[in-house]
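There are 2 protein chains.
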Amino acid sequence: MGTDRLARTPEPPYFAVIFTSARTDGDNGYAEMAEALVALASQQPGFLGIESVRGSDGVGITVSYWSSQEAIGNWKMNSEHLVAQRHGKAKWYQNFVVRVAKVERAYGKPPAE
Amino acid sequence: MGTDRLARTPEPPYFAVIFTSARTDGDNGYAEMAEALVALASQQPGFLGIESVRGSDGVGITVSYWSSQEAIGNWKMNSEHLVAQRHGKAKWYQNFVVRVAKVERAYGKPPAE
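Listed in order, the protein sequences are those of chains A and B.
The first sequence begins at -10 in my numbering and counts up one residue at a time.
The second sequence begins at -10 in my numbering and counts up one residue at a time.
#1: Can you grab the Cα-Cα spacing for the pair glutamate 59/B / histidine 76/B, in whole Å?
#2: Take lysine 80/B and list the residues in its own chain whose beta-carbon comes closer than 7 Å to its own, dropping the five residues that flank it on each side.
#3: Mind checking whether valine 89/A and phenylalanine 36/A have CB atoms under 8 Å apart?
#4: Which runs of the alpha helix (DSSP H) at least 4 residues long sit entirely within the region 40 to 65 of chain A? Give them in chain order.
#5: Ends of the beta strand (DSSP E) at alanine 95/B?
#6: List the whole-angstrom C-beta distance separating threonine 9/B from leucine -5/A, where the pair is believed to meet the contact cut-off of C-beta under 8 Å.
#7: What does the alpha-carbon distance come out to for the pair leucine 29/B and serine 68/B?
#8: Taking glutamate 93/A as the query, report the chain B residues whose CB atoms sit under 7 Å from its CB, ordered along the chain.
#9: Using a Cβ-Cβ cut-off of less than 7 Å, give me the residues of the region 24 to 46 of chain A that come near chain B, in sequence order.
#10: Looking at the secondary structure, which residues open and close the beta strand (DSSP E) in which alanine 5/A lies?
#11: By how many angstroms is the C-alpha of alanine 11/B removed from the C-alpha of valine 42/B?
#12: So if DSSP puts glycine 38/A in a beta bridge, which residue, or which two residues, is it bridged to?
#13: Assuming alanine 25/A is part of the alpha helix (DSSP H), what are its boundary residues?
#14: Check this for me: beta carbons of proline 99/B and asparagine 84/A, under 8 Å apart or not?
#15: Compute the distance between the beta-carbons of valine 6/B and serine 53/B, then report whether it is under 8 Å.
#16: At a CB-CB cut-off below 7 Å, which residues of chain A make contact with valine 86/B?
#17: So, tyrosine 96/B versus valine 48/A, is the Cβ gap smaller than 8 Å?
Next comes the structure, spelled out in structure tokens:
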């Protein structure tokens, strides 16, 4: 089930990259690429976790969490290099928005053990 | 299609509430409630937009955007009142995390007109 798909982040402050997008029709190598991007993110210094959901209408939200702005900058450079190698953004996304934000507080209901 | 489901927010800075959750099985009044919450949010002072996706495995991400921390505080109070009236969180969510963040920069690919 989904309970382990929520990121377990430390106490704030830390940083979030909120990526919202609307996909084009067809896969065009996207699924493989998305998997490679997550694998790459999790190897980056300062990576804290990632949450990603895509609905049946092609709209998706991915939020990755980072210890610093510097970690985000490194991740941006590496991920854009990988995407560029595969000629990606134009064919995969109708539109997208990337928002970089500082998480100031967090609370919630933890999963039952 | 999904292009109009991405929020059109102003230039940063502004604030984001990132709500990630794993649903329980069954609807239990959830769909109606979710709709009521979005309608309520869009009437709040300082509301800038909302993006919401839930995957087939029950994991969901909703990001709402706000002009100030004060607007978020008001929204939190009103939404919790609405949810409490319907005895909601415990029956709808296995677990959830709410993160309040300040959006510092944003960029992207706008939808084709």
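Ideal Cβ placement from N, Cα and C applies to all residues, glycine included.
On the basis of the coordinates in this document:
#1: 26 Å
#2: Thr13 and Asn17
#3: no
#4: none
#5: 82 to 98
#6: 5 Å
#7: 8 Å
#8: Val89, Ala90 and Lys91
#9: Glu40, Val42, Arg43, Gly44 and Asp46
#10: 3 to 12
#11: 12 Å
#12: Tyr54/A
#13: 19 to 31
#14: yes
#15: yes
#16: Leu(-5), Ala95 and Gly97
#17: no
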